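J.:
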Amino acid sequence: MSGQTVPADFSGHMLDLDEDEDLEVFSKNTSLSDGSPMPNSPSSMVNQYRLEEDQVEQQDGNTKDIFITVDNPENHVTAIETFIMYRVVTKTTRCEFDSSEYEVRRRYQDFLWLRSRLEENHPTLIIHPLPEKFVMKGMVERFNDDFIETRRKALHRFLNKISEHPILSYSQHFKVFLTAQELLSLRKQGPGFLSRMGETVRAVANSVRGLRSRPEEFTLMQEYVEDFSNKVCSVDKVTQRIIKEQKEYLDELKQYNPTYTQWAGSEEELAEPLKGVASCVERCSKETEEQIHHLSEVLVPALHEYVLCAETLKAVMRRRDNIQAAFEAKKEALASRKVDQEALQEEVDGLADRVELANNALKGDWSRWQNSMRTDLKSAFISTAEKNVEYYEKV
């Protein structure tokens, strides 16, 4: 896979949410990025961005050759556990598949197996995260309809993100996941406990030893990831707080409306204006409820998905560093030992190749991930902007 150059300066690719100057952007800049005049209203500006997004989606759809749907969740109860099985339907024109359509049923553990196999075989590729296994305190109960639907959507996105990846989509494990009727025997064939423990010990040793010199481009990536993580976590928390406050506001509106209605019934001379206020409060209540629903269904999932993506990126960077640290340790051992130099040289050469492959894989995946991230978040932000414009126009 050919490496792609990482921008020397990442600052131009990040929005600094902490600077007040950013709030003045729309008043200072009167043209769009392509030089065309800035639309006169919020609605027309949002429509301009939506048109650009639709054109990109149409181009992507024309090149896609594998389509995956995750749906029809079913609750399964056994003597020792309860779990949900999802239907996974695949339609493809790829010649390496024996059929053009497959239908299998998978549980969450199967998705975990797939991701771990992909991560094991491609440690420095950026693999889209899965939704968390357990529900955090204060969120919906496990296995209720809302939770199941939220997880189904996340699993659907996970598989489709892999299907769009130029390397991961051709993985044999991915093909097996989509086509094999039963995965239990394959799940049992994964690396044993001692093997996983050995890998963990080596990774800890390498991280403790540290790197002698990380290439500057990966230092810049690390700084970008930390910056991105802080910002997306901050926006996610603020959005959650806004939803919480809007729910409290909605509760107040629902108590407020009947008061005016009852008052109108007892004050004949004030009946009309009181009914007008009651009608206005009812409309505000309805629009606020729709606004909360939209934020919860569109913006929050996108933000939380990239909170998890940030953690995935940090793990990828650690694995890349561990590979380099192992190479540096072997190289030092070769320089200090007089015996077994030939065998050590072979190990050093092998690790040097592994470092180069890991670096090239990460550099090549970096730009692809950034483009995907910006497309996803842009779509969520545009949709939220549209809903905000609609909300304030109505209320």
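According to our numbering, the stretch in the sequence shown is residues 8 to 402, in order. We treat Cβ as the ideally placed atom computed from N, Cα and C, and that holds for glycine. Predicted model only: the values in this text are computed from it and were never measured.
#1: If the criterion is Cβ atoms closer than 8 angstroms, does the pair residue 302 and residue 250 meet it?
#2: In chain order, what residues of the same chain have a beta carbon less than 7 angstroms from the beta carbon of residue 358, not counting five sequence neighbours either side?
#3: Give me the Cα-Cα distance between residue 311 and residue 72, rounded to the nearest whole angstrom.
#4: Can you check DSSP and say which residues form a bridge with residue 92?
#5: Whole alpha helix (DSSP H) runs in the region 262-293 with 4 or more residues, listed along the chain?
#6: With a threshold of 8 angstroms on Cβ separation, who are the neighbours of residue 101 within its own chain once the five nearest residues in sequence on each side are excluded?
#7: Might you give, ordered along the chain, the residues of its own chain that have their beta carbon closer than 6 angstroms to the beta carbon of residue 34, omitting 5 neighbours on each side?
#8: Which of the three DSSP states, helix, strand or coil, is assigned to residue 140?
#9: Would you list the residues sitting across from residue 98 in a DSSP beta bridge?
#10: Under a three-way DSSP split, which group does residue 187 fall into?
#11: Buried or exposed: which applies to residue 103, given that a residue is buried once 16 or more other Cβ atoms fall within 10 Å of its Cβ?
#12: With distance defined between alpha-carbon atoms, name the residue in 90, 232, 190 and 242 nearest to residue 121.
#13: To which residues of the same chain is residue 124 closer than 6 angstroms at the C-beta, ignoring the five residues directly before and after it?
#14: Between residue 154 and residue 115, which are expected to be in contact by the criterion C-beta below 8 angstroms, what is the C-beta distance as a whole number of angstroms?
#15: Just verifying my parser: in three-state terms, what is the DSSP assignment at residue 308?
#16: Taking the continuous alpha helix (DSSP H) assigned at residue 177, which residues delimit it?
#17: Rounded to whole angstroms, what's the CA-CA distance from residue 167 to residue 227? Just pull it up for me.
#18: Taking contact to mean 3 or more Cβ pairs, one atom from each stretch, closer than 8 angstroms, check whether the region 288-296 and the region 323-333 are in contact.
#19: Where does residue 448 sit, in a helix, a strand or coil, going by DSSP?
#20: Can you list, in chain order, the residues of its chain whose CB lies under 8 angstroms from that of residue 277, leaving out five sequence neighbours each side?
#21: Ordered along the chain, which non-local residues of its own chain (more than five positions away) have a Cβ less than 8 angstroms from that of residue 117?
#22: Do residue 133 and residue 372 have their CB atoms nearer than 8 angstroms?
#23: In its own chain, which residues sit with a C-beta less than 8 angstroms from the C-beta of residue 161, not counting the 5 before and 5 after it?
#24: Between the Cα of residue 361 and those of 305, 220, 130 and 192, spot the shortest distance and give me the residue it belongs to.
#25: Run through DSSP, which three-state label would residue 399 get?
#26: Would you identify the three-state DSSP class for residue 123, choosing helix, strand or coil?
#27: Can you round the beta-carbon distance between residue 159 and residue 93 to whole angstroms, since I take them to be within the 8 angstroms contact cut?
#28: Exposed or buried, which one is residue 85 when buried takes at least 16 other CB atoms within 10 Å?
#29: Would you identify the three-state DSSP class for residue 249, choosing helix, strand or coil?
#30: Please name the residue, chosen from 110, 152 and 88, that lies closest to residue 75 on a Cα-to-Cα basis.
#31: Does the distance from the C-beta atom of residue 242 to that of residue 267 stay below 8 angstroms?
T.: On the basis of the supplied data:
#1: By 1-based counting over the sequence shown, the position of residue 302 is 295. By 1-based counting over the sequence shown, the position of residue 250 is 243. For residue 302 and residue 250, yes; Cβs fall inside 8 angstroms.
#2: In the sequence shown, residue 358 corresponds to position 351, counting from 1. Same-chain partners within the cutoff: 333, 334 and 337.
#3: Counting from one through the sequence shown, the residue named residue 311 turns up at place 304. Counting from one through the sequence shown, the residue named residue 72 turns up at place 65. So the two alpha carbons sit approximately 28 angstroms from each other.
#4: As a first step, residue 92 is located in the sequence shown; it is residue number 85 there, counting from the start. By DSSP's assignment, residue 92 forms a beta bridge with 81 and 114.
#5: Positions of the alpha helix (DSSP H) runs, each at least 4 residues long and wholly inside the region 262-293, cannot be given because no such run exists.
#6: For this step, residue 101 is matched to residue 94 along the sequence shown. For residue 101, same chain residues with a beta-carbon under 8 angstroms away, outside a window of 5 residues either side, are 72 and 73 in chain order.
#7: Here residue 34 refers to the residue found at position 27 of the sequence shown. Caution applies to residue 34, whose pLDDT of 43 falls short of 50 and renders its modelled position unreliable; the value that the coordinates give is listed next. Within the same chain, residue 34 has no close Cβ partners at all.
#8: Counting from one through the sequence shown, the residue named residue 140 turns up at place 133. DSSP places residue 140 outside both helix and strand once states are collapsed to three, so it counts as coil.
#9: Translated into positions along the sequence shown, residue 98 becomes position 91. Looking at the DSSP assignment, residue 98 forms a beta bridge with 74 and 108.
#10: Sequence index remark: in the sequence shown, residue 187 carries index 180 (1-based). Of the three classes helix, strand and coil, the one that applies to residue 187 here is coil, per DSSP.
#11: On the sequence shown, residue 103 is found 96 positions in, with the first residue counted as 1. Residue 103 should be labelled exposed.
#12: What you label residue 121 is simply residue 114 of the sequence shown in a count that begins at 1. For residue 121, the closest of 90, 232, 190 and 242 by C-alpha to C-alpha distance is 190.
#13: To locate residue 124, count along the sequence shown from 1; it is residue 117. Excluding positions up to five away in sequence, the list reads 180.
#14: The residue you call residue 154 lines up with position 147 of the sequence shown. The residue you call residue 115 lines up with position 108 of the sequence shown. Taking 8 angstroms as the upper bound for CB-CB distance, residue 154 and residue 115 are not in contact here, some 12 angstroms apart.
#15: Taking the sequence shown and counting its residues from 1, the one referred to as residue 308 is at position 301. Correct three-state label for residue 308: helix.
#16: Translated into positions along the sequence shown, residue 177 becomes position 170. From DSSP, residue 177 is part of no alpha helix (DSSP H); its letter is neither H nor E.
#17: By one-based count along the sequence shown, residue 167 stands at place 160. By one-based count along the sequence shown, residue 227 stands at place 220. If you take the alpha carbons of residue 167 and residue 227, they lie about 29 angstroms apart.
#18: With fewer than three CB-CB distances shorter than 8 angstroms, the region 288-296 does not count as touching the region 323-333.
#19: Lying before the first or after the last residue shown, residue 448 is absent from the chain, which here runs from 8 to 402.
#20: Counting from 1 along the sequence shown, the entry for residue 277 is found at position 270. Closer than 8 angstroms at Cβ, skipping near neighbours: 270 and 271.
#21: Position 110 of the sequence shown, counting from 1, holds the residue named residue 117. Closer than 8 angstroms at Cβ, skipping near neighbours: 184, 190 and 194.
#22: To locate residue 133, count along the sequence shown from 1; it is residue 126. To locate residue 372, count along the sequence shown from 1; it is residue 365. Yes. Within cutoff.
#23: Translated into positions along the sequence shown, residue 161 becomes position 154. Excluding the 5 residues flanking it on each side, residue 161 has same chain C-beta neighbours closer than 8 angstroms at 137, 138, 308 and 312, in chain order.
#24: If you number the sequence shown from 1, residue 361 lands on position 354. Nearest to residue 361 by C-alpha distance, out of 305, 220, 130 and 192, is 130.
#25: Numbered from its first residue, the sequence shown carries residue 399 at position 392. Judged by DSSP in its simplified three-state form, residue 399 adopts helix.
#26: Start at 1 with the first residue of the sequence shown, and residue 123 comes out as number 116. Here residue 123 sits in helix by DSSP.
#27: Taking the sequence shown and counting its residues from 1, one reaches residue 159 at position 152. Taking the sequence shown and counting its residues from 1, one reaches residue 93 at position 86. Confirmed, about 6 angstroms.
#28: Numbered from 1 along the sequence shown, position 78 holds the residue referred to as residue 85. Per the 10 Å Cβ criterion, exposed.
#29: Translated into the one-based positions of the sequence shown, residue 249 becomes position 242. The three-state secondary structure of residue 249, taken from DSSP, is helix.
#30: Stepping through the sequence shown from its first residue, residue 75 is reached at position 68. Residue 75 has its Cα closest to that of 110, out of 110, 152 and 88.
#31: Translated into the one-based positions of the sequence shown, residue 242 becomes position 235. Translated into the one-based positions of the sequence shown, residue 267 becomes position 260. Remark: C-beta atoms of residue 242 and residue 267 do not approach each other more closely than 8 angstroms.
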